[in-house]
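2 protein chains.
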Amino acid sequence: MNPTIKDVARQAQVSIATVSRVLNNLTGYSEETKVKVLQVIKEMGYQPNAIARGLINKRTQTLAVIFPCVSNSFSAEVLHGIEEVAHRHQHSVIVCNTSDDGKRTLNYLQVLREKQVDGIIFASEVLQDSYYEALQAMKVPVVLIATETDKPHIPYVKVNDKQASYDAVNYLITHGHRHIAMMGGTKDDLVAGVPRVEGYKQALADHHLPYREEWIVHADFQFDSGCTAMEQLLTRPRDYTAIFAASDEMAVAIMTVAAKHGIRIPGDLSVIGYDNVKLAEMVVPPLTTVHQPLVEMGEMACEKLLTMIQTGETVDNTIALHSIVERKTVSDLRD
Amino acid sequence: MNPTIKDVARQAQVSIATVSRVLNNLTGYSEETKVKVLQVIKEMGYQPNAIARGLINKRTQTLAVIFPCVSNSFSAEVLHGIEEVAHRHQHSVIVCNTSDDGKRTLNYLQVLREKQVDGIIFASEVLQDSYYEALQAMKVPVVLIATETDKPHIPYVKVNDKQASYDAVNYLITHGHRHIAMMGGTKDDLVAGVPRVEGYKQALADHHLPYREEWIVHADFQFDSGCTAMEQLLTRPRDYTAIFAASDEMAVAIMTVAAKHGIRIPGDLSVIGYDNVKLAEMVVPPLTTVHQPLVEMGEMACEKLLTMIQTGETVDNTIALHSIVERKTVSDLRD
DNA sequence: CTGAAAGCGCTTACAG
DNA sequence: CTGAAAGCGCTTACAG
Chain A
1 MNPTIKDVAR QAQVSIATVS RVLNNLTGYS EETKVKVLQV IKEMGYQPNA
51 IARGLINKRT QTLAVIFPCV SNSFSAEVLH GIEEVAHRHQ HSVIVCNTSD
101 DGKRTLNYLQ VLREKQVDGI IFASEVLQDS YYEALQAMKV PVVLIATETD
151 KPHIPYVKVN DKQASYDAVN YLITHGHRHI AMMGGTKDDL VAGVPRVEGY
201 KQALADHHLP YREEWIVHAD FQFDSGCTAM EQLLTRPRDY TAIFAASDEM
251 AVAIMTVAAK HGIRIPGDLS VIGYDNVKLA EMVVPPLTTV HQPLVEMGEM
301 ACEKLLTMIQ TGETVDNTIA LHSIVERKTV SDLRD
Chain B
336 MNPTIKDVAR QAQVSIATVS RVLNNLTGYS EETKVKVLQV IKEMGYQPNA
386 IARGLINKRT QTLAVIFPCV SNSFSAEVLH GIEEVAHRHQ HSVIVCNTSD
436 DGKRTLNYLQ VLREKQVDGI IFASEVLQDS YYEALQAMKV PVVLIATETD
486 KPHIPYVKVN DKQASYDAVN YLITHGHRHI AMMGGTKDDL VAGVPRVEGY
536 KQALADHHLP YREEWIVHAD FQFDSGCTAM EQLLTRPRDY TAIFAASDEM
586 AVAIMTVAAK HGIRIPGDLS VIGYDNVKLA EMVVPPLTTV HQPLVEMGEM
636 ACEKLLTMIQ TGETVDNTIA LHSIVERKTV SDLRD
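In order, the protein sequences belong to chains A and B. All residue numbers for the first sequence refer to the working numbering, where the first residue is 1 and numbers rise by one. All residue numbers for the second sequence refer to the working numbering, where the first residue is 336 and numbers rise by one.
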């Protein structure tokens, strides 16, 4: 057994209350006893039991983050940011992988409640009513990342998806493209699916450019379904010069499938992505894309959560700033 | 305040002992009281406090996994596997990101001890003596993943790095390559650095093929340093037809830099990677590489850890099976 | 400056 | 079948 506070109290010949005081840097003991207690602690290799502490303090110093999928680079970068500031503030982070499964998500929520986590970060998924209710019942601060809600007291950190998409398409337009296709994300995803398509349509409309149903294709943001979607698009007449993809993985899928069909990028077809994950710089040619500051978004979300935990008050949303990162997949068609 | 066991006991007009019994499916209560208690629990929305439980049971149902970097796809895939089996066995997982910083690692170890985690998975890093001592002091089961140690009672899950590298180089050789360069990982990394270079040298020696100092270059497994290393290699005479890279990210770096220099792959230069992360299928041309079953390795490590926790006994190492995944970056030079 | 005692929310002998 | 009581390892009034 590891030594407990009782053991050091006995050894130092003081009460456990005194040991607790020096442990927590409170007042109420002489320099002499402090020295003695500290020495005994060192000798015995004593470390406080955070579980016992948590029971009294009602703080576990533990946060949880819920992802639909932990193994894509989007999640990985966000997680990196979260973990970084959590650690800086002496908090641990539990990761949950829902696999987009509602039951599983609810199950996680219950476990997190039982484990008394101090706060939850909910990422990249629509906040269902059932989740919201469970979260309400937990009485724990929640912040959203790369998603949003109209429910009160739940701040979010995200980019303006519609605007970012608008800017991406606008970038293509200012480079002379007038016939632009799109690979959207999950069709009825109200957060990352719909708004990005809206931004696309808006940009076309504002420039009086044609919009065609056959130019749009949908996938689930990932590479594999992106390949399928691209094959599907290539089934139709290729009367566009550029494609806007609602994620980098899908953009890369476009590049891969294009290569298979002998379509050169950007010579025959321009591509612009969305996310700016590391992958975007690793492909050849490197992908022009919309940058989302993922690591920073993770950091900001975690900071928000921490201040909500500390103050007990709700915090404002923040719209993270996106930008276009110019690389080599968009050709300039202007003369 | 959320209701406690006391609240339901009062409401159901039984003792807390009885509530605890039905909660834990023990024996010792009538069907009648069971029904009543369960109903009250439901009405009040009562959920047990895992912290209080943990204090008594000395089990927190929480595991920790320590990575040098959580945001690369290697870690992401391993984490995915770990989280999956942990969740299946009702355990949560805390992630720690050491950034390869020894002090920070030791700090994590202390936190994990205070938090009374039931077990630790230590990934992709050499187990320093100082870590080992801290781990010993915690008296908690540990399993290693993608790394190894000669310390007792610490099983590992990994591929045979030397053999896997040997096989990669042998693959190049059987495809007619006789002058083969290598981009190694961190030079004095005893786990993933040295053995992979040894496998490379051994394969050359066994086939009486030339080995040259100038053909070897080192990076840190990641893309960025891989680019630098490739630039450095291109500074020297290009009298080889293939390169073996000790990670997929470095292989992709080779491809990127090669493209910049107008070197065609696999026409002018063949490349074989190591890991088989998702990235390998996403690049153009898709990367031929050594497959490590990362998700499965995460799963196996987690299962090992769980059985060590349950039985209190050490478990055997497992050498995960690697294989060569043939894609499009190695040209066949045989006539 | 210091300690005895109550209590956090549970589980588990023990007694009936 | 059921409850009173001790105890897990701490913190925190309270009293001195």
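Backbone N, C-alpha and C define an ideal beta-carbon position, used for all residues, glycine too.
- A contact is defined here as three or more CB-CB pairs under 8 Å, and the segment 285-292 of chain A meets this definition with respect to the segment 316-329 of chain A.
- With a cut-off of 8 Å on Cβ pairs, the segment 381-390 of chain B is in contact with the segment 339-352 of chain B, counting three or more such pairs.
- Secondary structure remark: continuous alpha helix (DSSP H) runs of at least 4 residues inside the segment 204-240 of chain A, in chain order: 223-234.
- By the Cβ neighbour-count rule, A280(A) is buried, with 16 or more other Cβ atoms within 10 Å of its own.
- I598(B) carries a coil assignment under DSSP once its states are collapsed to helix, strand and coil.
- Going by beta carbons, R178(A) and L209(A) fall inside the 8 Å limit.
- Note: F402(B) is bridge-paired with N432(B) in the DSSP secondary-structure output.
- Distance from the CA of K187(A) to the CA of G193(A), rounded to the nearest whole angstrom, comes to 6 Å.
- Measuring C-alpha to C-alpha distances from W215(A) to each of R196(A), E148(A), P237(A) identifies P237(A) as the nearest.
- Put simply, the CB of H415(B) is near chain A, with a gap under 8 Å to one of its CB atoms.
- In the pairwise beta carbon analysis, the segment 62-77 of chain A is classified as touching the segment 408-416 of chain B: at least three pairs are separated by under 8 Å.
- Here S459(B) is buried: its Cβ has 16 or more other Cβ atoms, across all protein chains shown, within 10 Å.
- In the three-state reduction of the DSSP assignment, K522(B) falls in the coil class, being assigned neither a helical nor a strand state.
- Taking A347(B) as the centre and dropping the five residues before and after it, the same chain places the C-beta of K371, V372, V375 closer than 6 Å to its C-beta, in chain order.
- Nearest in C-alpha terms to A219(A), of all of Y240(A), K201(A), Y211(A), D248(A), is D248(A).
- For the pair A421(B) and L234(A), the Cα-to-Cα distance works out to about 42 Å.
- DSSP places V478(B) inside the beta strand (DSSP E), whose first and last residues are 477-480.
- With its beta carbon less than 8 Å from one in chain B, P48(A) belongs to the interface.
- Your pair V159(A) and Q292(A) checks out as a contact, with CB atoms roughly 5 Å apart and the cut at 8 Å.
- At a beta-carbon threshold of 8 Å, the residues of chain A lying near E412(B) are S71, ordered along the chain.
- Between the C-alpha atoms of T395(B) and L358(B) there is a straight-line separation of about 17 Å.
- Residues of the segment 109-135 of chain A with a C-beta less than 7 Å from any C-beta of chain B: Q110, V111, R113, E114, K115, Q116, listed in chain order.
- Taking 7 Å as the cut-off between beta carbons, the residues of the segment 570-596 of chain B near chain A are V587, M590, T591, A594, in sequence order.
- By the Cβ-count criterion, P152(A) is exposed, with fewer than 16 other Cβ atoms from all chains shown falling within 10 Å of its own Cβ.
- Secondary structure note for D670(B): it is in no alpha helix (DSSP H), with a DSSP letter that is neither H nor E.
- C-alpha of D502(B) to C-alpha of D496(B): approximately 10 Å in a straight line.
- By DSSP's assignment, I456(B) forms a beta bridge with V400(B), V478(B).
- Uninterrupted alpha helix (DSSP H) stretches at least 4 residues long and entirely within the segment 339-377 of chain B occur at 340-347, 351-358, given in chain order.
- Counting along the chain, A527(B) sits inside no alpha helix (DSSP H), nor does DSSP assign it H or E at all.
- By the Cβ criterion, the segment 136-153 of chain A is not in contact with the segment 198-212 of chain A, since fewer than three pairs of Cβ atoms, one from each stretch, lie closer than 8 Å.
- At least one CB atom of chain A sits nearer than 8 Å to the CB of M617(B).
- Within the segment 617-648 of chain B, the complete alpha helix (DSSP H) segments of 4 residues or longer fall at 629-646, listed in chain order.
- Residue nearest to L479(B) within the set I659(B), L656(B), N652(B) is N652(B) (criterion: CA-CA distance).
- Of the residues I56(A), E32(A), E114(A), P141(A), the one whose Cα lies closest to the Cα of L306(A) is P141(A).
- Per DSSP, the unbroken beta strand (DSSP E) holding V660(B) starts and ends at 658-660.
- In terms of Cβ geometry, V169(A) and I180(A) form a close pair [threshold 8 Å].
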